[in-house]
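Enquirer: Just passing along the structure, written as structure tokens.
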Amino acid sequence: MNVVSKSIIGAIAAGVAMVSGAAYATPKLPCDTAQLIVPWKPGGGTQVLYALVEKTISELDTPYNLKVVTVPGQGGNKGAKQAAKAKPDGCTLFAIHQSAITSFLNGRIDFHYNGFDTVANVTITPDIIGAAEGAPFGSIEEMISYAKANPGQVSAGATFGSTSHFIWLLLQKQTGVELKLVPYDGTAERMNALLSGAITLGAVNVASGKKHLEAGTIKALAIASDSRDGQIPDVPTLQERGIDMTFALERGVVAPKGTPREIIDMWAGIIKQAVDDPGLQAAMAAKGTGLRYQGPDEFRAYADQLYSDYEAVAIEIGMYKK
């Protein structure tokens, strides 16, 4: 649909759009295009994936468009604070994943999913335990043996208070190794450090690291998913190697607290329309990412359970005290 037509439809507050057999009301927003705040620098996995969602929505018959806006800084918390303070008018949405929980548990921010109204859960991307090209090991078993023989000497990049920190805490707990955790502000910085050999380990994914994995400039030691990834079928899962651990980023969309339900439902419907698009499905698969849609209520229940699970682990490893 062209921009003129979208503007006309967007102006009809009582309008109704059909999405995959379901209807959602089309409330009037004070904007033609809403911004989706991604709280990390361009080029990271979240920006790359939501750019695909943005493109898909622009090509579909929807009443409003969506524009990805990156607001990096503070390990994702700068953008989160900006989104949380935005007007609840449907013109600002926020791209969220589990780093909101880990930042809260680390005391870096005083809200997590509970600071927003849930709109939709969208994607699931498992993490890969990656090693620098010059690392003195080539498998997860060799890494564990080397790290145990050299406690505190194997460096791993993390954005403290984010999921890239939590994965190493969990891996240490599951394997008994002691790693040297090195802080970086975001995905791009961690990737550059891993590629340059400044750190030995980094959590990467197919979305942001596929070309490096294929070129061998990053060694994929194991993937933290329930099954192998079709894009890198030779990489074993942690569970295959006797490590009872899975870890994946589940990227969703939320809105500022107090956003009217009809606006929430409209954006959920638009996102569902995008998720059902075969073109987006193929593009996400090529990035090593699955689409995992959950609507507002299902996503809220899931987010609450997710927080409870993370909190329990954080308490167990001494990261958080109630």
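Residue 0 is where the sequence shown starts when you use numbering that gives the first Met the number 0, and the numbers rise one by one after that.
Glycine included, each C-beta is placed from N, C-alpha and C at the ideal position.
Treat the numbers as computed from the prediction; the structure is a model and nothing was measured.
Can you name the start and end residues of the beta strand (DSSP E) that G129 belongs to?
Expert: Here residue 129 is taken as the residue at index 130 of the sequence shown, counted from 1. Per DSSP, G129 belongs to the beta strand (DSSP E) from 127-131.
Enquirer: Any idea if S163 is buried or exposed, counting beta-carbon neighbours within 10 angstroms, 16 or more meaning buried?
Expert: Your numbering for residue 163 matches position 164 in the sequence shown. Answer is buried; the Cβ neighbour count reaches 16.
Enquirer: Compute the Euclidean distance between the alpha carbons of D296 and A134, then round it to the nearest angstrom.
Expert: In the sequence shown, the residue the question calls residue 296 occupies position 297. In the sequence shown, the residue the question calls residue 134 occupies position 135. Between D296 and A134, the C-alpha separation is close to 45 angstroms.
Enquirer: Quick one: what's got a C-beta closer than 7 angstroms to S138's C-beta in the same chain, skipping five residues either side?
Expert: Against the sequence shown, residue 138 aligns to sequence position 139. So the qualifying residues of the chain are L220.
Enquirer: Can you look up F165 in the DSSP assignment and give me helix, strand or coil?
Expert: Start at 1 with the first residue of the sequence shown, and residue 165 comes out as number 166. It is helical.
Enquirer: Quick check: what's the CA-CA separation for K86 versus T101?
Expert: Position 87 of the sequence shown holds residue 86. Position 102 of the sequence shown holds residue 101. When rounded, the distance between both Cα atoms is 25 angstroms.
Enquirer: Report the three-state DSSP secondary structure of Y183 (helix, strand or coil).
Expert: Locating residue 183 in the sequence shown gives position 184, counting from the first residue. Coil, per DSSP.
Enquirer: Is it buried or exposed for G114, if we count other Cβ within 10 angstroms and need 16 for buried?
Expert: Taking the sequence shown and counting its residues from 1, the one referred to as residue 114 is at position 115. G114 should be labelled buried.
Enquirer: Closest to T288 by C-alpha separation, out of E140, I222, D60, C30, would be which residue?
Expert: Numbered from 1 along the sequence shown, position 289 holds the residue referred to as residue 288. Residue I222 is the option with its Cα nearest to T288.
Enquirer: Grab the span of the alpha helix (DSSP H) containing R260 for me, first residue to last.
Expert: Indexing the sequence shown from 1 puts residue 260 at position 261. Taken as a continuous stretch (DSSP letters only), the alpha helix (DSSP H) holding R260 covers 260-274.
Enquirer: Under a three-way DSSP split, which group does V234 fall into?
Expert: Within the sequence shown, numbered from 1, the residue matching residue 234 stands at position 235. Coil, per DSSP.
Enquirer: Is any beta-carbon of chain D found at less than 9 angstroms from that of Y112?
Expert: Looking at the structure shown, chain D is missing, and only one protein chain is on hand.
Enquirer: In this structure, does DSSP put G20 in helix, strand or coil?
Expert: Taking the sequence shown and counting its residues from 1, one reaches residue 20 at position 21. Note on G20: pLDDT 41, under 50, position unreliable in the model; the coordinate value appears next. Coil at G20, not helix or strand.
Enquirer: Buried or exposed: where does N76 fall if 16 or more other Cβ atoms within 10 Å of its Cβ makes it buried?
Expert: In the sequence shown, residue 76 corresponds to position 77, counting from 1. When all chains shown are included, N76 counts as buried.
Enquirer: Check for me: the alpha helix (DSSP H) holding I314 runs from which residue to which?
Expert: As a position in the sequence shown, residue 314 is number 315, starting the count at 1. Segment 295-315, the alpha helix (DSSP H) holding I314.
Enquirer: Would you be able to state if there are at least three C-beta pairs under 8 angstroms between the segment 32-44 and the segment 184-197?
Expert: Yes, the segment 184-197 is in contact with the segment 32-44.
Enquirer: Look up Y292 in the DSSP assignment and say whether it is helix, strand or coil.
Expert: For the purposes of this step, residue 292 is taken as residue 293 along the sequence shown, with counting starting at 1. In the structure shown, Y292 sits in a strand (DSSP, three-state: E or B).
Enquirer: Between I127, L194, I128, T199, which has its C-alpha nearest G151's C-alpha?
Expert: Position 152 of the sequence shown, counted from the first residue, corresponds to residue 151. It is T199.
Enquirer: Report all residues from its chain with a CB closer than 6 angstroms to the CB of G74; omit the five preceding and five following residues, and keep chain order.
Expert: Locating residue 74 in the sequence shown gives position 75, counting from the first residue. Closer than 6 angstroms at the Cβ level, and outside the excluded window around G74, lie T158, G160, S161.
Enquirer: Take P235 and list the residues in its own chain whose beta-carbon comes closer than 8 angstroms to its own, dropping the five residues that flank it on each side.
Expert: Along the sequence shown, one-based indexing puts residue 235 at 236. The answer, listed in chain order, is I139, A221, I222, R227.
Enquirer: Among the residues of its own chain, which have a CB less than 7 angstroms from the CB of Y49, if the five just before and after it don't count?
Expert: Position 50 of the sequence shown, counted from the first residue, corresponds to residue 49. These residues qualify, in order along the chain: L35, V37, V67, A94.
Enquirer: Is the beta carbon of T69 closer than 9 angstroms to that of Q46?
Expert: Within the sequence shown, numbered from 1, the residue matching residue 46 stands at position 47. Within the sequence shown, numbered from 1, the residue matching residue 69 stands at position 70. Closer than 9 angstroms, so yes.
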